[in-house]
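What follows is a set of notes on a single structure, which appears directly below.
There are 4 protein chains.
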Amino acid sequence: MLKPLLLEEEKVFKDPVHRYVHVRDQYIWDLINSAEFQRLRRIKQLGTSFFTFHGGEHSRFNHSLGVYELMRRILDTFEGRIHLTYEEKLLCLCAALLHDVGHGPFSHSFEKVFRYHHEDWTRAILLGDTQINRILRRIDEDFPKKLAEVIAKTYDNKLIVSLISSQLDADRMDYLLRDAYYTGVNYGNFEIERILRVMRPQEDGIVFKFSGMHAVEDYIMSRYQMYWQVYFHPVTRSGEVVLRKIFQRAKVLFEQGYAFHQEPLMLLPFLQDKVELADYLALDESVILFYMQMWRKEKDPILKDLCARFLDRNLYKYVEFNSRDFHLLPELKELFEKAGIDPAYYLEVDTTSDLPYDFYRAGDEEERIPIMLQMPSGDLVELSTKSEIVQAISGKRRFDYKLYFPMDKVMALPGDLSQKIRERLGVMENVGASRQDYSPD
Amino acid sequence: MLKPLLLEEEKVFKDPVHRYVHVRDQYIWDLINSAEFQRLRRIKQLGTSFFTFHGGEHSRFNHSLGVYELMRRILDTFEGRIHLTYEEKLLCLCAALLHDVGHGPFSHSFEKVFRYHHEDWTRAILLGDTQINRILRRIDEDFPKKLAEVIAKTYDNKLIVSLISSQLDADRMDYLLRDAYYTGVNYGNFEIERILRVMRPQEDGIVFKFSGMHAVEDYIMSRYQMYWQVYFHPVTRSGEVVLRKIFQRAKVLFEQGYAFHQEPLMLLPFLQDKVELADYLALDESVILFYMQMWRKEKDPILKDLCARFLDRNLYKYVEFNSRDFHLLPELKELFEKAGIDPAYYLEVDTTSDLPYDFYRAGDEEERIPIMLQMPSGDLVELSTKSEIVQAISGKRRFDYKLYFPMDKVMALPGDLSQKIRERLGVMENVGASRQDYSPD
Amino acid sequence: MLKPLLLEEEKVFKDPVHRYVHVRDQYIWDLINSAEFQRLRRIKQLGTSFFTFHGGEHSRFNHSLGVYELMRRILDTFEGRIHLTYEEKLLCLCAALLHDVGHGPFSHSFEKVFRYHHEDWTRAILLGDTQINRILRRIDEDFPKKLAEVIAKTYDNKLIVSLISSQLDADRMDYLLRDAYYTGVNYGNFEIERILRVMRPQEDGIVFKFSGMHAVEDYIMSRYQMYWQVYFHPVTRSGEVVLRKIFQRAKVLFEQGYAFHQEPLMLLPFLQDKVELADYLALDESVILFYMQMWRKEKDPILKDLCARFLDRNLYKYVEFNSRDFHLLPELKELFEKAGIDPAYYLEVDTTSDLPYDFYRAGDEEERIPIMLQMPSGDLVELSTKSEIVQAISGKRRFDYKLYFPMDKVMALPGDLSQKIRERLGVMENVGASRQDYSPD
Amino acid sequence: MLKPLLLEEEKVFKDPVHRYVHVRDQYIWDLINSAEFQRLRRIKQLGTSFFTFHGGEHSRFNHSLGVYELMRRILDTFEGRIHLTYEEKLLCLCAALLHDVGHGPFSHSFEKVFRYHHEDWTRAILLGDTQINRILRRIDEDFPKKLAEVIAKTYDNKLIVSLISSQLDADRMDYLLRDAYYTGVNYGNFEIERILRVMRPQEDGIVFKFSGMHAVEDYIMSRYQMYWQVYFHPVTRSGEVVLRKIFQRAKVLFEQGYAFHQEPLMLLPFLQDKVELADYLALDESVILFYMQMWRKEKDPILKDLCARFLDRNLYKYVEFNSRDFHLLPELKELFEKAGIDPAYYLEVDTTSDLPYDFYRAGDEEERIPIMLQMPSGDLVELSTKSEIVQAISGKRRFDYKLYFPMDKVMALPGDLSQKIRERLGVMENVGASRQDYSPD
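Residue numbers (UniProt numbering), protein chains in the order written: chain A, 1 to 441; chain B, 1 to 441; chain C, 1 to 441; chain D, 1 to 441.
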């Protein structure tokens, strides 16, 4: 049986959200100090949100430590309620710490253009030739594989999986609290200590004491608010649109054999679609930003313009759009082309949607495990059957469409064309007006 | 006379420290949106502190908005007490917003190696061919020059200068509060609202109502604590030592005609000592980090090693050192050389010192303007004459010396040599032991 | 026209919720210093909640200052949007400050037994022979009358009325924030600064910019949570039940000509139902608590027992009850009587209900003014038509019934009778078990 | 050996300062529920501070729970460092919980006039015929005696004594944090979690790791600030002066055989100096306030006036006074007498002093145990030898004298006499002006 390998003295990290992050295990300590984990310091947790909320500059390193600490506290509350072996606990802690280790720079946009899934890289990092893999194998030769299964949600201990991947898990709890703290937005707050107190481990997942239902409701509401107020903020999405267009343009140019002023060495594997693990690990947000700096001096007017827009926060404006407005796009594209504004880069519908809470629906694309309440009698009931508020938003996917474009380019057109385009862009007088007082647009 | 140019509707930024940053002037809005100001998003406020306090990842952009907001509030408290023209107020607000605009990446270390002062670059940005200069000249042709004087402390209105550069100014107040918030360290907190309430403008500077003396004391103590707990943290300084060594090594290699795998285009002007404003403005922390990524694959073993150390946070350890220990250095250097560990890169004494508060001393290297209290009678008295606590630390410069070196390299030496070096490194058994429980070392 | 009468220098109160309460008007200052307003220091804001949340010991004085401060800030946001005369602003500020001035000790319970409405006393204090009346008449002879109308919601300026009495007014906003702060419960927090920013005055009430809808939702949720988590906490209600029984018993004894050890001078007017304003103003919670101290040494076993229960927090336990359980009461009462436990004092169903938000329903018992959102187009729409979450709880009154009784007395009965009663009290094994981990019962 | 008697399930109290107070032991639970402990709910922690800081309305019950919780956490940090038996731990917890149990209403003033020490009553409650004594004897027949010794600092285990009575103990730590929280004053904050982390138990007391010195400094500064900003606030002291005068007047009247409208039954034992434990326990602040209500309607003009002043917060004003000003008192008294304002009640010098930190001085009136730092070498050094800041205030007792009197009475005198008195009261134009902007005077 696996024996604990403890540090001589506990180490702590000062953390503004959880006060301290406590590390007692040598393995955890070594994982934190691995090159692959330290790399997360160079990847922002919130992607382009800093454009909207200047406080949202924290890294995935920051968040990953927080998830680990929450997991540690959750396991503490399990003492005397359920037996977990030391190895099982380590699995939980490592999954919490490493669940995001495969993320790349500006994952959302980068993944879309270069077509990969960060989940695959996480797996590669755990199982491949990495410092992390070597540390994990010191625990047990099978440990990396088990851990990869936990993170992929295929591990057979459902309790362990649910702690890191469910509708109320250590990951989500940390990011809501943390993103709220750094951005200064109040909505992400909920009573984490109370939730920890009412969590109860069961064979196949966690349940919550009925007496804590209101705290769970409050968490669901926080999640709902953070999605619409922060994560889906239209200015943040404008940043993502510009970013995607940069990657898209670079790819097109590369494919056309365009001669860059200096070869983008670190991006070549991606442009050539021959990415090795080492290439991926060398990539972080400073690399992307560096190339933007280089490219803003390139000859290609589109790449140059897009990079300057991102670096100088000269983003696209947007108008509200509807699923029924899609038929308007062809004419708009034509007008843009006529005006010499390439619609492939300068006109984009961005769609986002959120399903704040869902009960189980067999066969669904994404079978969501419901949150269960434990009644005083011991019976388990699904949350939305008890909470009117949760029921109200349960299973309702809400969509939001916006049409993005560079207003400055449209305004700079000759009067007639400019006006025509603006008319077609819709009746809204105040482009991008909604929520503008929250954070400048 | 200059007429106010106001935004149609006030804009706000959500800020976790001051709740909201309010912008009413079109000029301020335009300055915030300038390329040179947006660049501050890519420069961290706390340099290498993130190695110690993972929360300290916020940018100079973040801080600069905060200083502006505090200045705005200070000016509000002046209403009805002193008359400032609109232009004078704009001078104050612009100085607050732009006082750090000349900072480069990891200023401390970079400036030391490449020998420049960020203050000169601030001046160049205000007066040179920049978006900022063009905006400022829209206010008044002389405005950029006046502003440069305010920031350089040579402007003749001493009140305005003191608001941005004194021992209790908008800059210092914001960074103490902000750095405390993001790192999660409590020490930087003080009653900002009370300080604003007891501030009184005078012809040649600000004074504080005597009834607010304890709030001022509290601020001085916060400053003292933040310096020793955060800004001078030995692990942070270790990061700076490694950084300086990287720049130093790159410079030496360049001067020796070393063939880099790919020419470091964006650093060339610095290596050649022919820096234009545009070169400087293109530099930010992502550029530096990019080259570290590139260089960790270089052939030169020292550059390669140093870059990997910085990126993977494999920093130097330290032992306490004394001004009277300097005679030990030659022998230590010799031992390092003997061991094949180049002491020019791997053995460094780092000195730091702080003067938490000082009263005026004519002719001093740095004439510090004292903090004055206004008694109920109207008389002004210097703070330390009334506060025993401030008196206790007043004018006392405190020094701290530490000797940094890569412990891993020393440990990897053959037994005898390793032990000999460790003996010479001093009696301290626990290398780097102090404060290690605060943040991992 | 009324001229402002300002203090020479602004006065402030340090307030943990709003940081500072600012007073500039001499009239406000004088009202705060009046005997009738100072009396509110001796009446707790949360009645018997301190039994559940030991932090909930703050007074109505504390809350009233907070409502005043919020109103002051609301009026500040109106500058430039709507014109209010100085007198109208004073009306708003005075209404905010004095809206609770008629409250008596433990209002809920005391009013029920002695059959009065604190609203009538508020009116009497404003219009009667009081220091407050004299101050208000210095403003204008008609001012007290107008103010009484504002507080009674009959004043013809609907905007002014709505600021103090609507579903989102200064009173409610302050108490949610304040009660959350003092009890330590997180649920009452919402983004007050954002709500103030999106408030827009209209002729007949306030509306909220659509862009601030989520902040309003968040407020409604806070309100909902505070009601069920704090205000209706079953232990708090147990305190109220015991309190009512004390007043009820004292009244019965008085009516029966019972000889109290010492005549309860300050309660006589209430027992005799001949209360003058001066009698009412002399009453506060210390008076009630004093008599409990006296009465716990009385001969009457019921009065004695009840007072000791309240003072020593030996409250009743409860079981969940249903509207369909009322038919069980007669038998239970009979059993209690048989056991010598007078059901008139020792068995009580307490009902509570909350309607967290409602849109307008003409002719309703309590016509609630809906919260209106102002769309970018300028159109007004009712909140619940835009917010799914608010819609979910809108207009739904939720009831809660609990049956209270002294468990200790039941347990002390002979085995058979005790068991029989306990059986009849219901199937719930864990009496009072729900939420017991939140605050001890 | 004593066996732990644990509750079936842990109980918690929601606490705004420590988040939760955790109770696991049945004995602690029972003590909290005892009549003598519940009585602390009716005694304010901060006496008359609510006159200055309206938020300072919390009770000694509130604080006592907090001290208990801090002690519990301190004992947790001792695990693995020192062995304490279950009985020793219970001694610590009970001492923390009950150290203030002998406090009476407005202790400071009441004790002075009626000449007793609350410490004697604490002892009497622990050893006498009380619910608390019965619970403690269930632990062990000797337990009450041992506990009384711990609280009296005569117990032979110095570690245990120091945890509740030293310059950095659970009591002081809780009240600084708590009083700061409720009043809203920021000064009392310090990094409690860090202090707990660096505390190390030794045979005869606690010491602090040197690496935590700055946190200890910060605590000392907080203490210093709270004393001068809050505890010694001149308005609070004015409240105490008026209170003392009320008790003094009531005593004089009683001794003169004055016929009160209704006999003050609950105060008789005190007026007759024949106080039994039961009499003392029946006394709380509501009793005192009740008699003020009664007495404000008495015939005696002085008692009547004083009570109205306290209830309506019509307190005395003050002027700064000096130890060298005492010779002025006789003339002032004469003038007051001439004016018909009895100086025995209406003219009072109030002296206060604080010694923020002291190292050990054998033979001193109050031998203060110094705070010891543990160096990395293991050596212990006294705090002020390492901290310049602490050294600056160490051993320096600071005095403050103020002369209190009813300004309104002086102003109401005929012009000549009024002016003469005001002249004698000193040169200060603004009576009581200092700090008036902090909280209204």
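Glycine included, each C-beta is placed from N, C-alpha and C at the ideal position.
query	result
What are the start and end residues of each continuous beta strand (DSSP E) run of 3 or more residues lying completely inside the stretch 156 to 242 of chain D, in chain order?	199 to 202, 205 to 209
Which residues in the same chain as Glu87/A place their Cβ atom closer than 6 Å to its Cβ, once the five residues preceding and following it in sequence are excluded?	Leu2
Using a Cβ distance threshold of 8 Å, determine whether the stretch 389 to 399 of chain A contacts the stretch 390 to 402 of chain C, with at least three qualifying pairs required.	yes
For a cutoff of 8 Å on Cβ pairs, would you count His214/C as touching chain A?	yes
Using a 10 Å radius around the Cβ and a threshold of 16 neighbouring Cβ atoms, would you call Gly432/A buried or exposed?	Because Gly432/A sits at a pLDDT of 43, beneath the cut-off of 50, its placement in the model cannot be relied upon, and the following sentence gives the value as read from the coordinates. Its Cβ being crowded by 16 or more others within 10 Å, Gly432/A is buried.
How should Arg397/D be labelled, buried or exposed, when 16 other C-beta atoms within 10 angstroms of its C-beta is the threshold for buried?	exposed
So, does the stretch 344 to 352 of chain D touch the stretch 315 to 332 of chain D, judging by three or more C-beta pairs under 8 Å?	yes
Can you check which of these residues, Glu255/B, Ile125/B, Glu8/B, Phe110/B, is closest to Leu98/B by C-alpha distance?	Ile125/B
For the alpha helix (DSSP H) holding Tyr280/B, just list the boundary residues, first then last.	277 to 282
Are there 16 or more other CB atoms within 10 angstroms of the CB of Arg138/C, so buried, or fewer, so exposed?	exposed
Along chain C, in chain order, which residues have C-beta atoms closer than 9 Å to that of Lys396/A?	Glu388
If you measure beta-carbon to beta-carbon, which residues of the stretch 239 to 273 of chain D are closer than 9 Å to chain C?	His261, Gln262, Glu263, Leu265, Met266
Enumerate, from N- to C-terminal direction, the unbroken alpha helix (DSSP H) stretches of 4 or more residues contained entirely within the stretch 376 to 433 of chain C.	383 to 386, 388 to 393, 407 to 411, 415 to 424
Of all the CB atoms in chain D, is at least one closer than 8 Å to the CB of Arg81/A?	no
Quick check on Tyr181/D - is its C-beta less than 8 Å from some C-beta in chain B?	no
Using a Cβ-Cβ distance cut-off of 8 Å, determine whether Asn186/C contacts chain A.	yes
Taking the alpha-carbon positions, what's the Tyr181/D to Gly80/C distance?	37 Å
Mark Ile164/D as exposed unless 16 or more other C-beta atoms lie within 10 angstroms of its C-beta, in which case mark it buried.	buried
According to a CB-to-CB cut-off of less than 9 Å, which residues of the stretch 62 to 77 of chain D neighbour chain A?	none
Figure out for me which residue from Ser107/B, Ser49/B, Asp358/B, Ser384/B has the closest Cα to the Cα of Tyr280/B.	Ser107/B
Compute the distance between the beta-carbons of His63/B and Gln38/B, then report whether it is under 8 Å.	no
What do you reckon, are the CB atoms on Phe321/D and Leu243/D nearer than 8 Å?	no
Give the DSSP bridge partners of Thr351/D, in chain order.	Tyr401/D
Would you give the residue range spanned by the beta strand (DSSP E) that Tyr357/A belongs to?	Element bounds for Tyr357/A: n/a, residue is neither H nor E.
Tell me whether the beta-carbon of Lys251/A lies closer than 8 Å to the beta-carbon of Leu271/A.	yes
Tell me, to the nearest whole angstrom, how far the beta carbon of His103/D is from that of Glu57/C; I am working on the premise that it is less than 8 Å.	About 16 Å separates the two Cβ atoms, so there is no contact after all.
Any contact between the stretch 130 to 145 of chain A and the stretch 65 to 75 of chain A? By contact I mean 3 or more CB pairs, one from each, below 8 Å.	no
Roughly how many angstroms lie between the CA atoms of Tyr258/C and Leu267/C, to the nearest whole one?	14 Å
Going along the stretch 216 to 240 of chain C in order, which residues come within less than 9 Å of chain B, judged by CB to CB distance?	none
Relative to the C-alpha of Ile369/D, which residue among Val381/D, Met375/D, Lys11/D, Asp416/D is closest?	Val381/D
Please report how far the alpha carbon of Leu283/D lies from the alpha carbon of Ala148/C, in whole angstroms.	39 Å
Could you tell me which residues DSSP puts in a beta bridge with Met372/C?	Glu382/C
Where Ser222/D and Leu196/B are concerned, what is the direct C-alpha to C-alpha distance, given to the nearest angstrom?	21 Å
Rounded to whole angstroms, what's the CA-CA distance from Gln229/D to Gly212/B? Just pull it up for me.	10 Å
At what residues does the alpha helix (DSSP H) containing Tyr86/A begin and finish?	86 to 98
Looking at Leu329/C and the ligand GDP, is the gap between the Cβ and the nearest heavy atom below 7 Å?	Summarising the ligand content, the structure contains no ligands, and the ligand GDP is consequently not present.
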